[in-house]
Amino acid sequence: MIRRPPRSTLSSSSAASDVYKRQGWTRWIVLTERVQNQSENIYYTPHNITVSKSGYLNGYAEVNMNESKTIVITLNEPDTSPPVISHSALTTAKINQEIDIVANITDDVKVNNATLHYQNVERSHYLTTNMTLISGNNQSGDWSATIPAQDKTGTISYFIRANDTSGNNATSPTMGAHIVQITGPPGIAITKPKGGEIWTGGSIQWIEFIATDTEDAPGNLTVFLNYTSGAGEVLIAEVIGANSPHNWTLPTINATDVKIIATVIDSDGNKAFAESPMFTIDSSMPEIFL
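Just so we're aligned: the sequence shown equals residues 1 to 290 in our numbering.
Okay, structure coming up:
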């Protein structure tokens with residue numbers, strides 16, 4: 001036998017909540033409510049509660065029963081708000097370097113998942129990878145994914161999509177895609193010595209070079225200067241800020257196969273190398289013949 005409590009009619013301005021008494025040996029209670037002229041039936045037992053409503057999440061009603069066997073059913077409004085994505089878009093990245101994408105995603109209920117969609121330099125179709133929650137929680141947290149390193153210079157594009165548990169979604173940017181310029185490594189050229197010089201050991205000579213980078217200013221570059229000869233490779237100086245020329249006090253050696261080796265490193269750790277033509281260092285005292 002099914003007993004029905006009195007029908008509750010709520011106007012569109014009423015709070016979507018009501019309280020009913022569980023009576024005696026009643027096994028089932030059928031609650032019929034009217035909200036904004038739409039009737040819905042909610043069926044439940046004290047041990048097994050299933051709630052569903054068109055346009056609402058499953059479990060949209062909160063059901064509680066206190067010690068006096070008073071059952072309180074609170075109906076929650078449907079979730080129609082999409083997630084909010086906060087992301088500082090990248091504009092440049094280095095060749096042969098993975099690209100980490102991080103976004104903060106919030107939702108008033110719960111973020112269900114987030115995905116990263118990207119095109120490689122070859123401009124192929126968009127590829128998709130799942131983003132991982134790395135901090136915070138599903139209501140407000142940071143999500144991350146990685147675009148593989150690109151082996152060519154050019155441009156790539158990407159966008160982020162987030163979905164909540166109600167099926168609402170958002171993208172960053174809201175239209176189109178973020179564009180990233182893939183730049184090459186730094187460059188360096190040695191302009192002095194030019195090759196063929198005969199320099200006296202112990203004297204001071206200038207080493208001149210030009211260091212460049214498409215992303216970093218010269219002041220953010222570091223240049224290592226070495227010289228090589230039959231005795232091996234020896235450090236001359238570490239030049240911060242790629243300042244040229246650099247004065248070098250020559251070693252007192254005798255060698256005809258000396259070369260300058262220059263290494264430039266940018267702020268991301270990318271490197272480039274240059275080598276001068278061979279020159280001579282002569283440390284022998286002149287001989288006098290009578």
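Glycine residues also receive a C-beta, built at the ideal position from the N, C-alpha and C atoms.
Note that the coordinates shown come from a computational prediction; the quantities given were computed from them, not determined experimentally.
Query, Result
"Delimiting residues of the beta strand (DSSP E) encompassing residue 257", "255 to 265"
"Cβ-based burial, residue 216 [other Cβ within 10 Å; buried from 16]", "buried"
"First and last residue of the uninterrupted beta strand (DSSP E) at residue 250", "Segment: none, residue 250 is in no beta strand (DSSP E) and carries neither H nor E."
"Delimiting residues of the beta strand (DSSP E) encompassing residue 114", "111 to 119"
"Sufficient close CB pairs (3 or more, under 8 Å) joining the region 135 to 143 to the region 99 to 115", "yes"
"Opposing strand residues paired with residue 197 [DSSP bridges]", "Answer is none; residue 197 lacks a bridge partner."
"Cα-Cα separation between residue 183 and residue 200, rounded to whole angstroms", "42 Å"
"Uninterrupted alpha helix (DSSP H) stretches inside the region 135 to 202 (no shorter than 4 residues)", "none"
"N- and C-terminal bounds of the beta strand (DSSP E) containing residue 282", "279 to 282"
"Same chain only: Cβ atoms within 6 Å of residue 285, ignoring 5 sequence neighbours per side", "none"
"Distance between residue 191 and residue 271 (C-alpha atoms, nearest Å)", "19 Å"
"Distance CB(residue 111)-CB(residue 162) smaller than 8 Å", "yes"
"CB contact flag (residue 170, residue 83, <8 Å)", "yes"
"For residue 219, the three-state DSSP class (helix, strand or coil)", "helix"
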